[in-house]
Amino acid sequence: MPLLALLASVLVIAGVSSGSVQAGDSLEWVLRTGGITDRQLAPGHQARQMLNLIDRFGPDFDTAGYRPPYATPSSVPEILVSEGVDMERALRERLLAGDRTALVPLVLFLVGSGCIERAEACMEGMGILLPANRRDLALAAAWFGRHDLYSYAVMLPEPPPDLEGDDYGPTIATVIAAGWMSLAPGGGFLGSELVSSEDLERLSARFPGLSMPEGRDWVAVSELDSMFSTAGVQDAR
322 MPLLALLASV LVIAGVSSGS VQAGDSLEWV LRTGGITDRQ LAPGHQARQM LNLIDRFGPD
382 FDTAGYRPPY ATPSSVPEIL VSEGVDMERA LRERLLAGDR TALVPLVLFL VGSGCIERAE
442 ACMEGMGILL PANRRDLALA AAWFGRHDLY SYAVMLPEPP PDLEGDDYGP TIATVIAAGW
502 MSLAPGGGFL GSELVSSEDL ERLSARFPGL SMPEGRDWVA VSELDSMFST AGVQDAR
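Quick note: to get my numbering, add 321 to the position in the sequence shown (first position is 1).
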């Protein structure tokens, strides 16, 4: 086995940090904030995403026909340059004035501008917990169980087809090879699907105590660190 390939695989696992346990790209953020995207989702998943959104904002939040404030063919930077509009400031002022419906447009705007961490801060700063998906869960498991994964990493498992080109594809493939997470019947990983009870139950064989928070059927990204840390303490005992 080429030494460089082996080293690269090991570095991929070692490089997953607790800070990377968050949405990895703009599309996932748009999905979780209920924005309109070109990705075709199963009706059930679409409904669940919308219900999650409504749960955060309350029953009075109107999601019908929602469009971002910059819904034009132009990109966000082009709009800012051509119109000289400080969209972020305008939306923040609406939030400060008590208009919670400005939160989703603000998050989408920040995502479109590449400010992922600021988008997360806005959501969680407003009391909005971001639902974790399977990709988030796999990366968290890879970090907290990294010492157990080296023996699988040296085998250089192939990433699932839907993770080709994903920087963390090899890492997630190692988690799958260890049996900590499973593939869908079609052979894909389906990383954008929200974490399920079945996902946590399977992982609990390695991380005892992993379960859904009481009263919910979803896990927040910000809860993953504490969940795995607690499970690690239980496992050590």
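Ideal placement from N, C-alpha and C gives every residue a C-beta, glycine not left out.
Put simply, the stretch 513-533 touches the stretch 455-462. At least three CB pairs are less than 8 Å apart. Glycine 530 sits close to alanine 552, with the two beta carbons spaced by under 9 Å.
Rounded to the nearest angstrom, the gap between the Cα atoms of alanine 541 and valine 475 is 32 Å. With respect to the 9 Å criterion, phenylalanine 510 and phenylalanine 528 are not classified as neighbours on the basis of their beta carbons. Taking a 10 Å sphere around the C-beta of aspartate 488, we find fewer than 16 other C-beta atoms and assign the residue as exposed. Relative to the Cα of leucine 521, the nearest Cα in the group Asp538, Arg415, Ala411, Pro480 belongs to Asp538. Spatial neighbours of methionine 533 in its own chain (CB-CB distance under 6 Å, excluding positions within 5 residues in sequence) are listed in chain order as Ser518. Separation of threonine 495 and leucine 504 (C-alpha to C-alpha, rounded to the nearest whole angstrom) is 12 Å. Annotation: serine 547 to proline 480 spans about 27 Å, alpha carbon to alpha carbon. With distances taken between CA atoms, isoleucine 493 lies nearest to Gly512 out of Leu450, Leu431, Gly512, Asp420. The DSSP assignment places complete alpha helix (DSSP H) segments of no fewer than 4 residues inside the stretch 404-437 at 408-417, 424-433, in order along the chain. Closest in C-alpha terms to aspartate 407, from the list Ala418, Ala442, Ser434, comes Ser434. With a threshold of 16 other beta carbon atoms within 10 Å, glutamate 535 falls short and is exposed. With respect to proline 491, glycine 508 sits apart: the two C-beta atoms are not nearer than 9 Å. Here leucine 470 has Ile334, Ala463, Thr495, Val496, Ala499 as same chain residues with Cβ atoms under 8 Å from its own Cβ, once five neighbours each way along the sequence are excluded. Where tryptophan 464 is concerned, the enclosing alpha helix (DSSP H) starts and stops at 455-465. For tyrosine 473, same chain residues with a beta-carbon under 8 Å away, outside a window of 5 residues either side, are Thr495, Ala498, Ala499 in chain order. Sequence-distant partners of leucine 431 (beyond 5 residues in either direction) whose C-beta falls short of 8 Å from its own C-beta, in its chain, are Glu409, Ile437, Arg439, Ala440, Cys443. For glutamate 519, the enclosing alpha helix (DSSP H) begins and ends at 518-524.
Considering only Glu485, Ala526, Pro478, the residue with the shortest C-alpha distance to tryptophan 501 is Ala526. Secondary structure note for valine 496: its alpha helix (DSSP H) is the uninterrupted segment 490-498.
Annotation: leucine 427 to alanine 453 spans about 20 Å, alpha carbon to alpha carbon. In the three-state scheme derived from DSSP, where H, G and I count as helix and E and B as strand, alanine 505 is classed as coil.
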